[in-house]
């Protein structure tokens, strides 16, 4: 049996850009670029439970990340330095880095779960549709009865 497809998403908190760390990051010259790099790194870590792995394709972790997410090495180095200073990324060992907020910002479901969810939503919509039709019919019947009594 083929392995079921899994969908992942990043749940940005409503106040993401109001968080003190993000405000500080954006105030740095080029901060908007660094914020995008941070978000790309969060997305990259989704499938691994918030972990980023240094595979050794490049000489250092920052270089490998810059190649993976198509960003300039200097920008990735500045972003990594900032994230480490604010404990938003932690080096677990030389090959593994953990995005600290990734776990609370991650959601996932299988394609089967998505299909069931859509089916239930459709079923609920049909039920609410049926109820509205029924109630309008009851109202019309009562009006007809009143007309016949007159």
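Numbering (UniProt numbering), first residue to last: 1 to 150. Glycine included, each C-beta is placed from N, C-alpha and C at the ideal position.
Indicate whether residue i and residue j have their beta-carbon atoms separated by less than 8 Å.
i: residue 44; j: residue 105; result: no
i: residue 102; j: residue 42; result: yes
i: residue 63; j: residue 52; result: no
i: residue 33; j: residue 22; result: no
i: residue 97; j: residue 57; result: no
i: residue 99; j: residue 50; result: yes
i: residue 37; j: residue 90; result: no
i: residue 20; j: residue 40; result: no
i: residue 46; j: residue 10; result: yes
i: residue 94; j: residue 54; result: yes
Residue i lies in the beta strand (DSSP E); which residues open and close that run?
i: residue 99; result: 96-99
i: residue 28; result: Where residue 28 is concerned, there is no enclosing beta strand (DSSP E), given that its DSSP letter is neither H nor E.
Which of helix, strand or coil does DSSP assign to residue i?
i: residue 52; result: strand
i: residue 88; result: coil
i: residue 10; result: strand
i: residue 123; result: helix
i: residue 23; result: helix
i: residue 17; result: helix
i: residue 57; result: coil
What first and last residue would you give for the alpha helix (DSSP H) that runs through residue i?
i: residue 46; result: Looking at the DSSP string, residue 46 is not in any alpha helix (DSSP H), and its letter there is neither H nor E.
i: residue 67; result: 61-69
With which residues is residue i paired in a DSSP beta bridge?
i: residue 106; result: 10
i: residue 93; result: 96
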